[in-house]
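Asks: Right, I'll just put the structure down here and ask away after.
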Amino acid sequence: MNIVRTERNRYILFKIINEGLLSIEHSDILKSIWKSIWRFFGMKEANKIGLWMVEIDLENKFGIIRCAHQTKEIVITALSFITEINGTKIILSPVKTSGTIKSIKEYMKPEKNLN
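What follows is the structure in structure tokens.
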């Protein structure tokens, strides 16, 4: 009997830390994450990641990305290696990892305060 397993996902909440106004686009952040993965881990690992931008809020400076559960550590490390996007000094700081988007949203409620 052949059982097909669905891929388990992990959701990573990250905070965007920078000085002054944030003058970048959503796509710039995603491109930077991919570049960091390719640069430090290579194409072989990048193919396994299943990276997806779930949500990004440039005004409140946070984002949520989804990846395969086996590659969570690679994505967290790649986020940490990013220091600049389009000439703007920036830090993408991982805050929380979860297996469900619901618990990430729960964590982000105002009483938890991301700032």
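Residue numbers (this note's numbering): 1284 to 1398. We put the CB at the ideal spot given by N, CA and C, even for glycine.
(1) In chain order, what residues of the same chain have a beta carbon less than 6 Å from the beta carbon of Ser1381, not counting five sequence neighbours either side?
(2) Between the Cα of Phe1364 and those of Glu1338, Glu1342, Trp1321, Ile1307, spot the shortest distance and give me the residue it belongs to.
(3) What does DSSP give as the partner residue(s) for Trp1335 in the beta ladder?
(4) Who are Leu1313's beta bridge partners in DSSP?
(5) Mapping the DSSP letters down to three states, classify Thr1383 as helix, strand or coil.
Replies: Result, derived from the coordinates:
(1) Setting aside the 5 residues that flank it on each side, Ser1381 is surrounded in the same chain by Tyr1294, Ile1387, each with a C-beta closer than 6 Å to its C-beta; the list follows chain order.
(2) Trp1321
(3) Arg1349
(4) According to the DSSP secondary-structure assignment, Leu1313 is paired through a beta bridge with no residue.
(5) coil
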